[in-house]
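J.: Have a look at the structure that comes next, please.
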Amino acid sequence: MSDGKRQVWDEASVGEYALGVMPHAERLRFVADLKTNRSLQMRVANWDENFAPMTGELEDIAPPPMVLNKIEARLFPAAKPVSLFQRLGFWQTATALGFGALALVVALPRIAPLPVETAPLVAVIQGESLLVSASYDATENVLSVSRKRGTEAANEDFELWVIAAGSDPVSVGVLQAGETTKIRLADALKPIILGSTLAITNEPDGGSPTGKPTGTILGTGTVIEI
Amino acid sequence: MIQTLVKQIVSHYDRYLSRVRDFLHIHLAICLNSSHKHLMINPVEIEQLIARVALGDRAAFNALYQATSSKLFSVTMRILSNRSEAEDALQEVYVKVWNRASSFAPGGYSPMAWLVSIARNQSIDLIRQRRGGHVDIEEAFDLADSAPLPETMTIQKSESREIARCLATLEADRANAVRGAYLDGHSYEELAAHYNVPLNTMRTWLRRSLMKLKECLEARL
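Going down the list, the sequences are from chains D and E.
Each number in my numbering corresponds to the 1-based position in the first sequence with 4 added.
Each number in my numbering corresponds to the 1-based position in the second sequence with 37 added.
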């Protein structure tokens, strides 16, 4: 090949490359050009953009949790790989034991006057820089949220979301500055709170302007019965 | 009295929690379950996540994985049609996403098209390798390796139905050949065998189809 002369790739060739059918030898030449040729990059990107919606006909398949563990173990070797099962199992046990003991001591002296209709529901919302415990009082339909660790940045609020399996997140409000926030839930949430996920995101002051999470997920936890 | 007791228990509980936490070395923001995949789905949010991943934000990486891995896994599964290979490919894809997030430029690729192109390239490289084709490190290259596109080079964003509408203008066989190449990762050899035509004929067909598609896709502008 003569030096300095750039091969002209017609649109069908660019499409062949994007489609992945370009024969190997040609593909190598194409790739070599692509590295330095911005307009060729853009033409490929255009095909990629046009083709990508075809994946809409593929049904989503959730990969097994192991895959994420392996990826994280590779990328962040300092973090000891702990399987999701272990993580959840441990936390649920820790939560159940901790809150179980607490609930017992609190409840014991008052057991007689209190009608024990429902088991207490709790969740530990946990993330890298955030630890929040939540307990739910079914008779009052009130969620008490206690912040153990984590501070929002200036101009930010921590917003709490309830996510029932298969549903969109529902905002239940922003955490107040103090340690504990008591939030009365919408009646519609009452039947679905057990087993749902609580998540906290950082949002602009006063909470998400759209009613949907816009910030980073800072921590999540599952509501369990103890 | 009871209050003191409760305080003691709370402080014990906290210490217990922190010990468990240290023991487990939990660095990552999110304990996950499948319900989270609905949390973030719009392209702007995915773009924001990629931007945070570029800054090394692990929580954002985790959230990005939650929001997009089911789609990308469907891509690798379809092409590789082997669960364990598809899982390995998905691993490679997200390692690349982590490493290349800084080369993702808003105004260039739309975030899903960028992610899908990484997943497809990964899977197609693997399948060509598996089927005894050529293996070359260059094969692993894709556009995401290169510097971000200049802002002036904006890419036309397709409506998701455009490609379907334009494929429908092709003869059914030819449209299916394009789909087979894109979704199943079929090579010319495989397509030629499937449609029972010589390799060169297959290539001529497909190149013509691509030109027609391009015409159709541009005609809407």
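All C-beta atoms, glycine included, are put in the ideal place defined by N, C-alpha and C.
Here's the rule I'm using: 16 or more other beta-carbon atoms within 10 Å means buried, otherwise exposed. How should Val146(D) be labelled?
T.: Exposed is the call here.
J.: Give the DSSP bridge partners of Ile228(D), in chain order.
T.: Ile228(D) is bridged to Val126(D).
J.: Taking the alpha helix (DSSP H) that Phe98(E) falls in, what are its first and last residues?
T.: Its alpha helix (DSSP H) spans residues Arg95 to Leu117.
J.: Can you grab the Cα-Cα spacing for the pair Glu183(D) / Ser150(D), in whole Å?
T.: Those two C-alpha atoms are separated by around 5 Å.
J.: Who are the Cβ neighbours of Glu255(E) in its own chain at under 8 Å, not counting the five residues just before and after it?
T.: There are no such residues.
J.: Give the straight-line distance between the Cα atoms of His259(E) and Leu236(E), rounded to the nearest whole angstrom.
T.: As shown, chain E starts at 38 and ends at 258. That puts residue 259(E) outside it, with no answer to give.
J.: CA-CA distance, Ala221(D) and Gln130(D)?
T.: Note on identity: in this sequence residue 221(D) is Ile, with Ala being the wrong assignment. Each residue's Cα considered, the two are about 10 Å apart.
J.: Nearest-angstrom Cα distance between Val136(D) and Ile228(D)?
T.: So the alpha carbons of these two residues sit roughly 15 Å apart.
J.: Do Glu160(D) and Asp209(D) have their C-beta atoms closer together than 8 Å?
T.: Yes, these two residues count as a Cβ contact at 8 Å.
J.: Excluding the 5 residues flanking Cys203(E) on each side, which residues of the same chain have their C-beta closer than 7 Å to its C-beta?
T.: Hits under 7 Å: Leu250, Cys253 and Leu254.
J.: Taking only beta-carbon atoms, is Ala25(D) less than 8 Å away from chain E?
T.: One point to set straight first is that residue 25(D) is Val, not Ala, in the sequence displayed. With 8 Å as the cut-off, Val25(D) counts as an interface residue toward chain E.
J.: Short of 7 Å in beta carbon distance, which residues of its chain neighbour Lys186(D), apart from the five on each side in sequence? Order them along the chain.
T.: Cβ neighbours of Lys186(D) beyond the five flanking positions: Val146 and Ser148.
J.: Taking Cβ positions, are Ser154(E) and Asp64(D) nearer each other than 8 Å?
T.: No, they are not a contact pair.
J.: What's the gap between the Cα of Asp94(E) and the Cα of Ser246(E)?
T.: Cα to Cα, Asp94(E) sits roughly 43 Å from Ser246(E).
J.: Give me the Cα-Cα distance between Arg128(D) and Gly199(D), rounded to the nearest whole angstrom.
T.: The residue you asked about is not Arg; residue 128(D) is Val in the sequence shown. Their Cα atoms are separated by approximately 12 Å.
J.: So Val166(D) is in the alpha helix (DSSP H); what residue range does that whole segment cover?
T.: That residue, Val166(D), is in no alpha helix (DSSP H); its beta strand (DSSP E) goes Glu160 to Ile167.
J.: Please report the straight-line C-alpha distance between Thr238(E) and Ala16(D), rounded to a whole angstrom.
T.: So the alpha carbons of these two residues sit roughly 15 Å apart.
J.: Nearest CA to the CA of Glu53(D): which residue from Ile200(E), Glu227(E), Ala126(E) and Asn158(E)?
T.: Nearest of Ile200(E), Glu227(E), Ala126(E) and Asn158(E) to Glu53(D), Cα basis: Ile200(E).
J.: Is the Cβ of Leu254(E) closer than 8 Å to any Cβ of chain D?
T.: Interface residue, yes.
J.: Take the Cβ of Ser121(E) as the centre, count every other Cβ of all protein chains shown within 10 Å, and call the residue buried at 16 or more, exposed below.
T.: Under this definition Ser121(E) is an exposed residue.
J.: Ala91(E) touches chain D at which residues, Cβ-Cβ below 7 Å?
T.: What Ala91(E) touches in chain D: nothing, since even the nearest Cβ is about 14 Å away.
J.: Show which residues of chain D have a CB atom less than 7 Å away from the CB atom of Val234(E).
T.: Within chain D, no residue comes near Val234(E); the closest Cβ sits about 14 Å away, beyond 7 Å.
J.: Let me confirm a value: Val130(E) is counted as buried when at least 16 other C-beta atoms fall within 10 Å, else exposed. Which label applies?
T.: Burial call: buried.
J.: Please decide whether Asp64(D) counts as near chain E, where near means a Cβ-Cβ distance under 8 Å.
T.: Taking Cβ atoms only, chain E reaches closer than 8 Å to Asp64(D), which makes this a yes.
J.: Decide if Cys68(E) is buried, meaning its Cβ has at least 16 other Cβ atoms within 10 Å, or exposed.
T.: Note that Cys68(E) has pLDDT 34, beneath the 50 cutoff, so the model's placement of it is unreliable and no number is given.
J.: Which of the residues in the segment 149 to 161 of chain E, read from start to end, lie with their CB under 7 Å from any CB of chain D?
T.: Cβ contacts with chain D come from Met149, Ala150, Val153, Ser154, Arg157 and Ile161.
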